[in-house]
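J.: Dropping a structure here in structure tokens format, bear with me for questions.
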Amino acid sequence: MNYYLVKSEPETYSWEMFLKEKNTSWTGVRNYEARNNLRAMKKGDSVLFYHSGDAKEIVGIAKVVKEFYQDPTTEEIAWVTVDVSPLKSLKKPVSLTQLKANTILKNTKLVRQPRISVHTLTKEEFDVIVEMSK
-17 MNYYLVKSEP ETYSWEMFLK EKNTSWTGVR NYEARNNLRA MKKGDSVLFY HSGDAKEIVG
43 IAKVVKEFYQ DPTTEEIAWV TVDVSPLKSL KKPVSLTQLK ANTILKNTKL VRQPRISVHT
103 LTKEEFDVIV EMSK
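103 is the number that the numbering used here gives to position 121 of the sequence shown; each next residue is one higher, with no gaps.
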């Protein structure tokens, strides 16, 4: 299993909207590194859901339910999407400030490359974030 983090502006698509829909296609990714991360996702992989913008916090855990396919929001074949479903809300959101203060997490791609919308995580990073949310 692999671990990822996806980012969304809560005003555009929030965790609460995701919970109501129960499934979504992660469309609209137009960055090559983020696209490559989508392509690497496999069914069953774990995904942390991060509210970007003013919130800047990880709020939930999801899973990949369908591997990459052509993004239906564009005709350009370079862009792909995956389908994800929510698993659970975090008991306590984990803020970007908390990530930066943690010795294990301060060098994650989320902290070092904040403009990328789909990040890879190590199992250790994923586990530390989940533990921080308890």
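Built from N, CA and C at the ideal position, the CB exists for glycine as well.
Using a Cβ-Cβ cutoff of less than 6 Å, which residues in the same chain neighbour P(-8) once the five nearest sequence positions on both sides are dropped?
T.: Only H33, A37 meet the Cβ criterion.
J.: Nearest to T85 by CA position, among I111, D53, V64, D27, is which residue?
T.: Closest by alpha carbon: I111.
J.: Once you ignore the five residues that flank V100 on each side, which residues in its own chain have a CB closer than 7 Å to its CB?
T.: The residues are Y(-14), V(-12), V11, A16, N19, L20.
J.: Under a three-way DSSP split, which group does E(-2) fall into?
T.: Note: E(-2) maps to helix in three-state DSSP.
J.: Tell me the start and end of each unbroken alpha helix (DSSP H) in the region 65 to 100 that is at least 4 residues and wholly inside, in chain order.
T.: List check, alpha helix (DSSP H) in window: 78 to 83, 91 to 94.
J.: Closest by CA to Y51, which one among A44, K45, W61?
T.: Here the closest residue by C-alpha is W61.
J.: Hey, S71 and G42 are a contact pair by Cβ (cut 8 Å); roughly how many whole angstroms apart?
T.: At roughly 5 Å, the Cβ-Cβ gap stays under 8 Å, so S71 and G42 are in contact.
J.: How long is the line joining the alpha carbons of G26 and V46, rounded to whole angstroms?
T.: Using only the alpha carbons, I get a separation of about 5 Å.
J.: Please give me, in chain order, every unbroken run of the beta strand (DSSP E) with length at least 3 that falls completely inside the region -1 to 74.
T.: Counting whole runs of 3 or more residues, the region -1 to 74 contains the beta strand (DSSP E) stretches 28 to 33, 39 to 52.
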